[in-house]
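Engineer: Mind looking over this structure? Questions follow.
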Ligand code: GLC
């Protein structure tokens, strides 16, 4: 149905009253926007207000269980009657324009939709998965990655991403570790802020920036036993000192939305948790954006055993401060009645609608609802060459050299080598599991990367590319195969080369949402193949392609060289090949500990000492396992280089009650230029709430030419020296501190200081 002239004129007049868009100053003070919100709110019926709180899925990439009873016809009917405020999984200028025209031109008030999508690590051009990005320790590159993703998503009509995921986690069994920044809250907070700034830029009204979303609030990374969607029970010290800091960092960086998590937190579903949403987020933190539920998480409060029915679920969620309902249908079905029955105060509805409208105003959607719908931008921005250059740069920086004995790496020009492993030819797995808008089979494979970088297309095409793990990409995908038919040929071929490059690990859908695993070794027959090849040729270079830490204890003991290459996105193969041939000297460091055995999980570097940290008098009464070490196979912060670095002259100077200056000399001792991530850890020896035996509180990624030395300086302030007590009060306490600077959480040189 198109506009009649009369209704269009009425619309323009309406614009005059509350948008007066022609000379809107983008930096207009919030009070101007608030006045427009008030004016609009005053016109809205309760039905229209509730409509703004409804988010419907499009009809394309469903990212959750199919909506209960939802259907296209009803959704379009609600769209036309102003009962929808947002849609997700509608993408592409044509599709977005189609739904936006209905909202703007066919409803009474013409309030534009905000269009959300999971732009987790790229829209079409994929950067490395977030866990890999975190391994780069390059915050500028991480921010730029989000900026590139925003530019492409905005060119596709999207103005809101459900990212960054800022859940800290220590449990590699949980599939979503690939989506976050690993196990450390200090580093995770810096990454969260960088991603928010990258997505939102300096001006949300620009057509290449999008609203970001800090998720999943809160505690999802502590899902019990690493089992997806499982319950979460944590103490206050863990909540305040480990889980909340990255969310607070995202809020302080100006994130416009939050998404609550699926889990219950200590018996209260996060979606209906007033303590989280009102006391902390909207109260103590003064967050002025809006909170969207996770997919159907409002309705799921019934399954949790918290709400007796959908109406009660809607009541709990609205009263707790969940502003928008993603795909549970409980708000559209019950919220208006709940207000009329006095079970939900209309003030809560008004507050939610204000928050939602404010973000829409700040995005400029009232200025021009079609500002994100430019065919020309869609055709010229998405997939731009500069985006591939950016994701290649970050992919190289994300690779972690775990081991390199006998300098087997980098490959030498006269080396004869063989490439083995189905993942070596895989052009989809490197895109990871959150790659909804990427085209299948578009990543540069390892084989293609080797061709591009080595210029030897013929050599390894004669090599054996084994299919040990037939990864097809049907949702969900099979993990284990029993196919040994290529073993004999591979083993025979491996006898006749200098080195064997084995590309093993997980395919793209073996990590990510709904991909928890109890066995986190090499899936399928890959471990068996690795050991068979080792029997005939010990010069193996293991290239891991995975979305989570894996238990690779056998490889760590036997294989001379191991590269952790994660799922590196669109330019994966080129990045890996540049490292294999030494064109780029690997500089990544692990953002998450690698366990020796899954029985150690959750394992993390910033553990507490316990009352029995060490063995005494040869007895067994100390904190340990009788069948495994306590330490990680590869610890947080670990990563080698083709050169090596030395730390000297660590000096600490206490300048005040909450100011400590630290200097250290770092030298590149090898014959190659390279980058080192110098890490600073502290330990508050005795505190009113026990502190971990070490905590990362500073780092610098430094490029040094061969032989070059540099003095590094760090400053510790109350932000780094303090902690939250069990009442949520932040404090710095006097006393003894130990301090270490080094190239990982395990090694380095120690010193200490005393705070008065
Ligand atoms: C999913 C995820 C969430 C995502 C949302 C929309 O279930 O939990 O992270 O943003 O649904 O796709």
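Numbering (this note's numbering), first residue to last: 206 to 961. Glycine is no exception: its CB is placed at the ideal position from the N, C-alpha and C atoms.
Find out if the Cβ-Cβ distance for the pair residue 335, residue 455 is shorter than 8 Å.
Structural biologist: Here residue 335 is taken as the residue at index 130 of the chain shown, counted from 1. Here residue 455 is taken as the residue at index 250 of the chain shown, counted from 1. Not in contact: residue 335 and residue 455 (Cβ atoms no closer than 8 Å).
Engineer: Does the distance from the CB of residue 319 to the CB of residue 365 come in under 8 Å?
Structural biologist: For the purposes of this step, residue 319 is taken as the residue at position 114 of the chain shown. For the purposes of this step, residue 365 is taken as the residue at position 160 of the chain shown. Yes, these two residues count as a Cβ contact at 8 Å.
Engineer: If you scan the segment 784-857 from start to end, which runs of the alpha helix (DSSP H) of 4 or more residues do you find wholly inside it?
Structural biologist: Counting only runs of 4 or more, we get nothing.
Engineer: Starting from residue 353, follow the alpha helix (DSSP H) in both directions and report where the run begins and ends.
Structural biologist: The residue labelled residue 353 in the question sits at position 148 within the chain shown. Element bounds for residue 353: 344-360.
Engineer: Quick one: what's got a C-beta closer than 6 Å to residue 875's C-beta in the same chain, skipping five residues either side?
Structural biologist: Position 670 of the chain shown, counted from the first residue, corresponds to residue 875. Excluding sequence neighbours, residue 875 sits near 848, 849.
Engineer: Are the Cβ atoms of residue 333 and residue 397 separated by less than 8 Å?
Structural biologist: Locating residue 333 in the chain shown gives position 128, counting from the first residue. Locating residue 397 in the chain shown gives position 192, counting from the first residue. No; because the gap between Cβ atoms is not below 8 Å, this pair is not in contact.
Engineer: Which one of 725, 731, 826, 868 has the shortest CA to CA distance from residue 799?
Structural biologist: Here residue 799 corresponds to residue number 594 of the chain shown, with the count starting at 1. It is 725 whose Cα lies nearest to the Cα of residue 799.
Engineer: Looking at residue 255: is its Cβ nearer than 8 Å to the Cβ of residue 562?
Structural biologist: Position 50 of the chain shown, counted from the first residue, corresponds to residue 255. Position 357 of the chain shown, counted from the first residue, corresponds to residue 562. No. Outside cutoff.
Engineer: Identify, in the order they occur along the chain, each residue of the same chain with its Cβ nearer than 6 Å to the Cβ of residue 842, setting aside the five sequence neighbours on each side.
Structural biologist: Here the question's residue 842 lines up with position 637 in the chain shown. Closer than 6 Å at Cβ, skipping near neighbours: 794, 884, 949, 950.
Engineer: Where does residue 957 land, buried or exposed, given buried means 16+ other C-beta within 10 angstroms?
Structural biologist: Taking the first residue of the chain shown as position 1, residue 957 is located at position 752. Answer is exposed; the Cβ neighbour count stays below 16.
Engineer: Using 8 Å as the threshold, is the segment 494-505 in touch with the segment 459-473, meaning 3 or more CB pairs across them?
Structural biologist: Proximity of the segment 494-505 to the segment 459-473 meets the contact definition, three or more beta-carbon pairs being nearer than 8 Å.
Engineer: Measure the alpha-carbon distance for residue 681 versus residue 734 and round it to whole angstroms.
Structural biologist: Walking along the chain shown from the start, residue 681 turns up at place 476. Walking along the chain shown from the start, residue 734 turns up at place 529. Residue placement at residue 681 cannot be trusted, given a pLDDT of 23 that sits under 50; what the coordinates show is reported in the next sentence. Spanning the two alpha carbons is a distance of roughly 25 Å.
Engineer: I need the boundaries of the alpha helix (DSSP H) containing residue 601, first residue and last residue.
Structural biologist: The residue you call residue 601 lines up with position 396 of the chain shown. From DSSP, the alpha helix (DSSP H) with residue 601 extends over 590-603.
Engineer: Would a C-beta distance cut-off of 8 Å place residue 814 and residue 898 closer than the cut-off?
Structural biologist: Within the chain shown, the letter at position 609 stands for residue 814. Within the chain shown, the letter at position 693 stands for residue 898. Cβ atoms of residue 814 and residue 898: closer than 8 Å.
Engineer: Taking only heavy atoms of the ligand GLC into account, decide whether any of them is closer than 7 Å to the Cβ of residue 293.
Structural biologist: In the chain shown, residue 293 corresponds to position 88, counting from 1. Yes.
Engineer: Verify the contact flag: residue 975, CB atom, against every heavy atom of the ligand GLC, threshold strictly below 7 Å.
Structural biologist: The question about residue 975 has no answer here: the residues shown for the chain are numbered 206 through 961.
Engineer: Might you give, ordered along the chain, the residues of its own chain that have their beta carbon closer than 7 Å to the beta carbon of residue 349, omitting 5 neighbours on each side?
Structural biologist: The residue labelled residue 349 in the question sits at position 144 within the chain shown. If you ignore the 5 residues before and after residue 349, its C-beta comes within less than 7 Å of the C-beta of 403, 595, all in its own chain and listed in chain order.
Engineer: What I want to know is whether the C-beta of residue 993 ends up closer than 7 Å to one or more non-hydrogen atoms of the ligand GLC.
Structural biologist: Summary: the structure shown does not reach residue 993, with the chain confined to residues 206 through 961, and so no result is reported for it.
Engineer: From the DSSP output, which residues share a beta bridge with residue 886?
Structural biologist: Looking up residue 886 in the chain shown gives position 681. DSSP, once it has assigned bridges, lists 901, 945 as partnering residue 886.
Engineer: What does the Cβ neighbour count give for residue 322, buried or exposed, with the cut at 16 atoms within 10 Å?
Structural biologist: As a position in the chain shown, residue 322 is number 117, starting the count at 1. The residue is buried, with at least 16 neighbouring Cβ atoms inside 10 Å.
Engineer: So, for residue 253: in the same chain, excluding its five sequence neighbours on each side, which residues have a beta-carbon less than 6 Å away from its beta-carbon?
Structural biologist: Taking the chain shown and counting its residues from 1, the one referred to as residue 253 is at position 48. Cβ neighbours of residue 253 beyond the five flanking positions: 287.
Engineer: Comparing alpha-carbon positions, which option in 251, 807, 728, 572 lies nearest residue 542?
Structural biologist: Here residue 542 is taken as the residue at index 337 of the chain shown, counted from 1. Ranking 251, 807, 728, 572 by CA distance to the CA of residue 542 puts 251 first.
Engineer: Counting C-beta neighbours from all protein chains within 10 Å, is the total for residue 712 16 or more, i.e. buried, or is it exposed?
Structural biologist: Numbered from 1 along the chain shown, position 507 holds the residue referred to as residue 712. Classification of residue 712: buried, given that the 10 Å Cβ count is 16 or more.
Engineer: Residue 422 and residue 481 - do their beta-carbons sit closer together than 8 Å?
Structural biologist: Translated into the one-based positions of the chain shown, residue 481 becomes position 276. Translated into the one-based positions of the chain shown, residue 422 becomes position 217. Yes.
Engineer: Cβ-heavy atom distance between residue 452 and the ligand GLC below 7 Å?
Structural biologist: One-based indexing of the chain shown puts residue 452 at position 247. No.
Engineer: For residue 437, report the span of its alpha helix (DSSP H) as first-last.
Structural biologist: Position 232 of the chain shown holds residue 437. Membership of residue 437 in any alpha helix (DSSP H) is not indicated, and neither H nor E is assigned to it by DSSP.
Engineer: For the beta strand (DSSP E) holding residue 874, just list the boundary residues, first then last.
Structural biologist: Within the chain shown, numbered from 1, the residue matching residue 874 stands at position 669. That residue, residue 874, is in no beta strand (DSSP E); it is neither H nor E in DSSP.
Engineer: Per DSSP, residue 609 is paired with what?
Structural biologist: The residue given as residue 609 occupies position 404 in the chain shown. 766.
Engineer: Between 479, 687, 316, which has its C-alpha nearest residue 730's C-alpha?
Structural biologist: In the chain shown, the residue the question calls residue 730 occupies position 525. Considering only alpha carbons, the answer is 687.
Engineer: Taking 7 Å as the cut-off, is the CB of residue 529 close to at least one heavy atom of the ligand GLC?
Structural biologist: For the purposes of this step, residue 529 is identified with residue 324 of the chain shown, where counting begins at 1. Not a single heavy atom of the ligand GLC lies less than 7 Å from the C-beta of residue 529.
Engineer: Take residue 260 and list the residues in its own chain whose beta-carbon comes closer than 8 Å to its own, dropping the five residues that flank it on each side.
Structural biologist: Taking the first residue of the chain shown as 1, we reach residue 260 at position 55. So the list reads 289, 290, 291, 292, 293, 321, 497, 529, 530, 531, 532, once near-sequence residues are dropped.
Engineer: Below 7 Å, is the gap between the Cβ of residue 718 and the nearest heavy atom of the ligand GLC?
Structural biologist: Within the chain shown, residue 718 is the residue found at index 513, counting from 1. Answer for residue 718: yes, Cβ within range of the ligand GLC.
Engineer: Which first and last residues belong to the alpha helix (DSSP H) in which residue 539 is found?
Structural biologist: Translated into the one-based positions of the chain shown, residue 539 becomes position 334. Residues 535-545.
Engineer: Can you determine whether any heavy atom of the ligand GLC sits closer than 7 Å to the C-beta of residue 421, and answer yes or no?
Structural biologist: Position 216 of the chain shown, counted from the first residue, corresponds to residue 421. Yes, the beta carbon of residue 421 sits closer than 7 Å to at least one heavy atom of the ligand GLC.
Engineer: Within the present structure, is the beta-carbon of residue 464 separated from the nearest heavy atom of the ligand ADP by less than 7 Å?
Structural biologist: You won't find the ligand ADP in this model; what it holds is the ligand GLC.
Engineer: If we ignore side chains and look at the alpha-carbon of each, how far apart do residue 302 and residue 352 end up?
Structural biologist: Locating residue 302 in the chain shown gives position 97, counting from the first residue. Locating residue 352 in the chain shown gives position 147, counting from the first residue. The straight-line gap from Cα to Cα measures roughly 23 Å.
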